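What follows is a set of notes on a single structure, which appears directly below.
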Amino acid sequence: MAVYAIGDVQGCFEPMRRLLDKLKFDPAKDRLWLTGDLVNRGPQSVETLRFVRQLGDAAISVLGNHDLTLLAVAAGHVKPGKKDTFHDVLDAPDAQELLDWVRSLPMIHHDAKLGYTMVHAGLSPLWDLDTALACGREVEAVLRGPGLQDFLAHMFGSEPRIWRDELQGHERLRCIVNTMTRMRFVGPDGSLCHDQKGPPGSQPAGLVPWFQIGWRRNASLNIITGHWAALGYYRAPGIYALDSGCIWGQHLTALRLDANEAPCCVDCAAMRKVKNHADKGI
1 MAVYAIGDVQ GCFEPMRRLL DKLKFDPAKD RLWLTGDLVN RGPQSVETLR FVRQLGDAAI
61 SVLGNHDLTL LAVAAGHVKP GKKDTFHDVL DAPDAQELLD WVRSLPMIHH DAKLGYTMVH
121 AGLSPLWDLD TALACGREVE AVLRGPGLQD FLAHMFGSEP RIWRDELQGH ERLRCIVNTM
181 TRMRFVGPDG SLCHDQKGPP GSQPAGLVPW FQIGWRRNAS LNIITGHWAA LGYYRAPGIY
241 ALDSGCIWGQ HLTALRLDAN EAPCCVDCAA MRKVKNHADK GI
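Under our numbering, think of the first position of the sequence shown as 1, with each following residue one higher.
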């Protein structure tokens with residue numbers, strides 16, 4: 001059995017299928033981890049959701065910010081943005097089944113046997129593993145429970161920017177979501193900065209990538225992430241960042257987790273044309 005982790009798909013269904021074919025992925029015996037953002041900005045969000053859903057136990061995806069945005073738009077709490085392309089999901093005859101499946105996905109996945117933890121954007125430097133898992137369960141419980149609509153109505157916003165154990169209510173849940181699905185750079189105290197989206201080195205003084213905080217309480221973990229296309233495929237001790245910019249016409253990257261192999265990728269140059277057309281409103 002092989003276990004593969006793949007970076008953000010974002011509705012780029014055909015590149016994902018080509019990558020899985022290249023890997024000779026067999027759902028009967030292999031397993032697939034996905035870093036979230038299954039939907040949006042690409043042309044085939046609904047096909048992506050249907051495919052991953054039908055893989056059943058052979059696949060696990062954590063939730064990304066675009067997946068959560070899909071839920072909020074579907075519930076009518078926000079309007080879709082000009083660049084959002086998940087209308088195919090909203091218009092699908094099986095839309096409700098797909099949306100229910102999306103909200104059943106975890107915020108974080110930890111496999112003690114393999115020794116990896118997967119989350120879309122990252123883990124707060126202030127969190128150890130137990131805190132991170134507990135925070136993920138808090139959001140998952142609301143997504144799957146009767147408080148869903150109230151949560152989605154208050155999910156968006158940039159405050160609070162730093163985790164405190166005493167946070168409560170919407171502020172607590174929002175901080176967890178922003179940390180797990182939006183984080184890139186942080187201040188020296190671990191506070192979130194949502195304004196900087198470029199590669200490391202482009203940020204103002206005083207900010208560092210979240211995983212470079214020297215006192216990080218989860219530094220002993222092997223963490224798999226996506227989300228940061230400007231970072232690209234990045235590997236450092238304990239960090240495996242897999243968003244290599246598929247939606248921007250770069251690559252879709254897979255890493256085998258149960259064996260020491262080089263990453264495998266497919267070129268997504270065709271997505272650049274799709275992206276340019278979408279940006280021009282074609």
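Using N, Cα and C, we set each Cβ at its ideal position, and we do this for glycine too. Small disclaimer: the values here were computed from a predicted structure and weren't measured.
Membership of residue 264 in any alpha helix (DSSP H) is not indicated; the residue belongs instead to the beta strand (DSSP E) covering 264-267.
Cβ-Cβ distances below 6 Å link residue 59 to 32, 52 in the same chain, with the five nearest sequence neighbours on each side left out; the list follows chain order.
One thing to note: residue 44 has its Cβ within 8 Å of the Cβ of residue 14. A straight-line Cα-Cα distance of about 42 Å links residue 2 and residue 205. Following the DSSP letters along the chain, one finds residue 61 inside the beta strand (DSSP E) bounded by residues 59-61. For residue 210, no alpha helix (DSSP H) run applies, since DSSP gives it neither H nor E.
Apart from sequence neighbours up to five positions away, the residues of its chain that approach residue 65 with a beta-carbon distance below 6 Å are 181, 182, ordered along the chain. Residue 241 is bridged by DSSP to 225, 234. It is roughly 31 Å from the alpha-carbon of residue 249 to the alpha-carbon of residue 136.
Among the bridge pairs identified by DSSP, residue 5 is matched with 33, 255. With contacts defined as CB atoms closer than 8 Å, residue 67 and residue 39 qualify as a contacting pair. The three-state secondary structure of residue 85, taken from DSSP, is coil.
Of 243, 271, 82, the smallest CA-CA separation from residue 34 is found for 243.
Checking the DSSP bridge columns, you'll see residue 193 partnered with 185. DSSP, read as helix, strand or coil, puts residue 150 in helix.
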